[in-house]
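Residue numbers (this note's numbering): 960 to 1106. Report on the following structure.
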């Protein structure tokens, strides 16, 4: 049983664009900056949808990383700089430990999200090559809220 392709050559690029395929790999290199430029500049709906999904994922991971770092540093009560320990306590004693523990867990979550960024970009690129738009699991649809 053989299947016939729906389009070939130039007709294929009418349905899906090269930008819609490569935007996921561009996001690996540039973070959310590449997808936001592609999303803003694209005229092709296929490219814009792929860029929107890549942008949503990268913004979600970026915000998670910022929240993790702020939470961790709010909970940190001492730093070592040049071999000298500096006491820095922004929060009262029991609360700083809670923030530090939550920060460590969030940093672990950011590490997992960093690994998933590579996996998701490869899956989304492959899906885009075959003509479907793939939504990154776990991303918040921020672009749709500001559309």
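The C-beta atom is built at its ideal place from N, Cα and C for all residues, glycine as well.
| query | So what's residue 1094 in DSSP terms, helix, strand or just coil? | reply | coil
| Taking the alpha carbon of residue 1047 as the point to measure from, which residue in 1035, 1072, 987 and 1098 has its own alpha carbon closest? | With distances taken between CA atoms, residue 1047 lies nearest to 1035 out of 1035, 1072, 987 and 1098.
| What's the C-alpha gap between residue 1049 and residue 1033? | 6 Å
| field | Buried or exposed by the 16-neighbour rule on C-beta atoms within 10 Å, applied to residue 1018 | value | It counts as buried.
| message | Quick check on residue 1096: buried or exposed, where buried means 16 or more other Cβ atoms within 10 Å of its Cβ? | response | exposed
| message | According to DSSP, residue 1044 sits in a beta bridge with which residue or residues? | response | DSSP, once it has assigned bridges, lists 1039 as partnering residue 1044.
| Rounded C-alpha distance that separates residue 1008 from residue 1059 | Their Cα atoms are separated by approximately 38 Å.
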